[in-house]
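According to UniProt numbering, the stretch in the sequence shown is residues 1 to 216, in order. From the three backbone atoms N, C-alpha and C, an ideal C-beta is built for every residue, glycine too.
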Amino acid sequence: HLHLPRSSLPLVARSTRTHDTPVRPRQEELGASLCERLRASLEEVDGVSEVEVTDLRLPSSVEHAPQVSLLKYAGPELSEWRVRWQPPSTQAGGSITLRGRKFGVTFSVVLGVGEIRFDGVVQCCLLAGDGPAAQPSCRVGFKRLPEIRFELGIANKALSPGSDTLRSWLQRQLERWVRAVAVLPQTVSIRLPSRSDRSLALHERADEGERAHGAL
């Protein structure tokens with residue numbers, strides 16, 4: 001695969017995940033969804049008949065999480081945040097393989113996507129649920145299409161569409177994909193730790209502390 005080198009209110013934070021968030025299934029789900037979007041648009045690229053997302057990298061540590069800044073707070077049911085994400089290409093990016101036929105000759109071209117830049121404003125609604133065992137969640141959606149930028153590297157360019165054509169095509173598809181899944185009224189639901197999850201985490205930390213103290 002081709003890998004490229006690399007508010008109005010003063011609250012800034014790094015987004016976090018719970019310890020049991022299934023990163024790999026979510027990554028595979030996103031890859032399948034993006035590939036479906038790309039396949040639906042192949043008629044826009046001359047000569048291309050097949051597309052495959054051959055590599056998709058997403059960060060798995062808080063170090064590379066988006067930076068969020070609070071813009072507006074009207075209670076748990078409504079807040080607005082600016083989200084900026086500039087992960088290194090080693091942590092976020094991917095490769096897309098296009099195959100097709102032109103002038104009677106088959107070709108294959110690999111698009112390497114890196115240096116991703118993401119900047120937008122989301123609305124957030126917290127849903128607490130009822131009872132101690134309730135599973136709280138957070139629904140987020142962009143107020144408008146966020147700014148999406150990236151660097152594009154192309155391998156095996158012979159007979160393939162030009163660089164500008166491929167970049168414009170990929171930019172359109174990424175914007176359509178984000179608009180379809182995460183721009184209001186569409187929202188993404190994020191599972192939050194329940195009260196029992198937090199209690200379990202506190203007990204685990206206490207046990208770790210006792211073991212560390214006993215080892216001294």
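So residue i is in the alpha helix (DSSP H); what residue range does that whole segment cover?
i: SER163; result: 163-182
In the DSSP assignment, the beta strand (DSSP E) including residue i goes from what residue to what residue?
i: SER79; result: 79-85
i: GLY100; result: 93-102
i: VAL62; result: That residue, VAL62, is in no beta strand (DSSP E); it is neither H nor E in DSSP.
i: VAL48; result: 48-57
Taking the DSSP output, what are the residues bridged to residue i?
i: GLU147; result: ASP119
i: SER189; result: ARG139
i: VAL110; result: THR97, ALA155
i: LEU126; result: CYS138
i: GLU105; result: Per the sequence presented here, residue 105 reads as Val, with Glu not at that position. Answer is LYS102, bridged to VAL105.
Could you give the C-beta distance for residue i and residue j, rounded to a whole number, given that I count them as a contact under 8 angstroms?
i: VAL51; j: LEU30; result: At roughly 15 angstroms, the Cβ-Cβ gap does not stay under 8 angstroms, so VAL51 and LEU30 are not in contact.
i: VAL48; j: LEU98; result: 5 angstroms
Pick out whichever of the options has its Cα sitting closest to the Cα of residue i.
i: LEU126; options: GLN135, SER60, ASP119, PHE118; result: GLN135
i: ARG139; options: PRO76, PRO88, SER194, PHE107; result: PRO76
i: LEU34; options: GLN173, VAL121, LYS143; result: GLN173
i: SER189; options: SER168, THR54, PHE142; result: PHE142
i: ARG82; options: PRO146, GLY93, GLU28, GLN171; result: PRO146
i: LEU71; options: ALA128, PRO161, VAL181, CYS124; result: CYS124
i: ASP46; options: GLN186, TRP169, ALA74; result: TRP169
i: PRO161; options: SER194, LEU111, GLY129; result: LEU111
i: GLU63; options: SER41, ALA40, PRO87; result: PRO87
i: ALA92; options: ARG117, THR187, PRO185; result: ARG117
i: GLN186; options: ARG176, LEU192, PRO193, SER194; result: ARG176
i: GLU44; options: ARG179, ALA180, GLY100; result: GLY100
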